[in-house]
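This report refers to the structure that appears directly beneath it.
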Amino acid sequence: MIACPPWEKVAETIEFIPDRYSRKTQSEPVAREMLRCDSADIDRLVGAGLPFEDREGIRYFDANDLYNLGMYSNRSDTQPEMAFRMLFRFAGRPVDDLLRPKTWNFQVRLECHECAGVAPWRLEGPDVVRFGGRVEGGTLPAPGEGAAEYAATVTTTGARTPLVSQALRRLTRDYLDAGYRWQMIPVPMQADYGLVHELGATSCIAASLLLAEHFRAAGHRAEAKRGWFTGVLGGALDLPHACVEVEDDDGVVKTVDIAKSQLAARLSANTEQFQELCLGSVYNKVIPSTASGNASFGYHECGSPQPVLVRADIRSAR
176 MIACPPWEKV
186 AETIEFIPDR
196 YSRKTQSEPV
206 AREMLRCDSA
216 DIDRLVGAGL
226 PFEDREGIRY
236 FDANDLYNLG
246 MYSNRSDTQP
256 EMAFRMLFRF
266 AGRPVDDLLR
276 PKTWNFQVRL
286 ECHECAGVAP
296 WRLEGPDVVR
306 FGGRVEGGTL
316 PAPGEGAAEY
326 AATVTTTGAR
336 TPLVSQALRR
346 LTRDYLDAGY
356 RWQMIPVPMQ
366 ADYGLVHELG
376 ATSCIAASLL
386 LAEHFRAAGH
396 RAEAKRGWFT
406 GVLGGALDLP
416 HACVEVEDDD
426 GVVKTVDIAK
436 SQLAARLSAN
446 TEQFQELCLG
456 SVYNKVIPST
466 ASGNASFGYH
476 ECGSPQPVLV
486 RADIRSAR
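According to our numbering, the sequence shown is numbered sequentially starting from 176.
Take a look at the structure:
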């Protein structure tokens, strides 16, 4: 059994979210529950640099900082560690189940804050047909204000299409071997992928944006694309995702899901098949979208200065 390091040591390994991207919305009681710790532990974390805001005598923290502390604490009982194990419990199983058709009830709610009135909505919706899937329903919302909803039945499928280009495989391996540490990072910060990697960290969007840049420099057409990772906690957790779509030497567009390969490797040694599947193939737990890697999923053309909030609920169709 690996000994649990003191919280101060855990804090030393985390790159805390910079102030310009941080949103301190989690109160100290929530932090204690999330990390399964007490007030003295929170004091030690604050002393070790955990950023916070004091509002009426209560300390508030960024949810990403708390998630990362829990995930790398080696305590096994923190909420982030338990969620991570549940999220990746499939990765050590035979990958054949990831290659068959799988149908999802896909619902999205778009919310426009500081809405300026009735206007058309735009959603970067599911883009599964070109990978052998299908979409049933999915009528775009009519012009409106405040909020709108989209629903469809989405079928995904998998296919083994490993990278054949030696240059692409080398660049992918170089990235995995570079030592970047995966962390939960706010989406706006992930788009600042230079900063993320300067900090020695990585995330699905930041990794995909940088890897796509490397692929293009090697002469391949490549683009980071966003989507959704499906079936997380029965649909209770909205988990946007990103990967790289790259044209391989055989003329086929391949999908490189670099972050999932990296995370699976951290989970267990028996995930080699899934890690390899992530390097070129598609699998049925990801719904790709039409959105580019650093773009929003939804827009409202009312002129509000605030970005549209997009919440997805994706559940397996029984």
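Where a beta carbon is used, it is the ideal one built from N, C-alpha and C, also for glycine.
The ligand COA heavy atom lying under 7 Å from the CB of residue i
i	result
Val185	Within the structure as shown, the ligand COA is missing, as the structure has no ligands at all.
Assigned secondary structure, residue i (DSSP; H/G/I helix, E/B strand, else coil)
i	result
Phe281	strand
Glu451	helix
Asp423	coil
Cys287	coil
Cys418	strand
Lys435	helix
Phe390	helix
Assigned exposure category for residue i - 16 Cβ within 10 Å defines buried
i	result
Ile498	Residue numbering for the chain in the displayed model covers 176 to 493; residue 498 lies beyond these limits and cannot be assessed.
Val293	exposed
Asp352	exposed
Thr200	exposed
Leu315	exposed
Asp367	buried
Asn459	buried
Thr405	buried
Gln481	exposed
Ser456	buried
Neighbourhood of residue i by C-beta, 6 Å cutoff - its chain only, sequence neighbours within 5 removed
i	result
Ala466	Glu299, Arg401, Phe472
Val428	Glu420, Glu422
Leu386	Tyr350, Val419, Ile433
Rounded C-alpha distance that separates residue i from residue j
i	j	result
Thr165	Ala492	In the structure as shown, the chain starts at 176 and stops at 493, and residue 165 therefore has no counterpart that could be examined.
Glu311	Pro463	15 Å
Ala186	Asp213	16 Å
Asp302	Phe390	22 Å
Glu228	Asp240	13 Å
Thr336	Val304	16 Å
Gly307	Leu452	17 Å
Ala291	Ala470	22 Å
Ala334	Glu183	45 Å
Tyr350	Ala417	16 Å
Met176	Glu256	Confidence at Met176 is low in this model, with a pLDDT of 46, below 50, so the placement of that residue should be treated as unreliable; the coordinate-derived value is given next. Roughly 15 Å between the two C-alpha positions.
Ala382	Pro363	14 Å
Asn445	Leu273	16 Å
Tyr196	Leu225	15 Å
Asp194	Leu438	26 Å
Thr330	Thr377	30 Å
For residue i, the nearest candidate out of the options (CA to CA)
i	options	result
Leu370	Ile192, Thr188, Lys184	Ile192
Tyr474	Pro337, His288, Tyr196, Asn249	His288
Arg490	Val283, Val457, Cys290, Arg356	Val283
Leu346	Asp237, Met359, Leu454, Trp182	Leu454
Leu442	Arg219, Val205, Met261, Ser197	Met261
Pro180	Ser197, Met209, Gln358, Tyr247	Tyr247
Phe502	Asp271, Thr328, Glu231, Gln358	The shown model of the chain, from 176 to 493, leaves out residue 502, and the question about it has no answer.
Ser479	Gly321, Asp194, Leu386, Leu210	Gly321
Arg198	Ala238, Gly222, Gln481	Ala238
Arg486	Ser436, Trp403, Ser456, Gly468	Trp403
Phe281	Gln437, Ile189, Ala327, Val457	Ala327
Glu190	Tyr325, Ile360, Asp488	Ile360
7 Å Cβ shell around residue i - same chain, five flanking residues per side excluded
i	result
Glu203	Ile217, Ile233, Arg234
Ala323	Leu285, Trp296, Pro316
Cys477	Cys287, Cys290, Ala291, Gly292, Ala294, Glu320
Other residues of its chain near residue i: CB distance less than 8 Å, five sequence neighbours each side excluded
i	result
His395	Ser340, Ala342, Leu343, Val421, Glu422, Asp423
Met209	Gln201, Leu241, Tyr242, Gly245, Thr253, Gln254, Pro255
Pro269	Gln448
Val221	Phe227, Arg234
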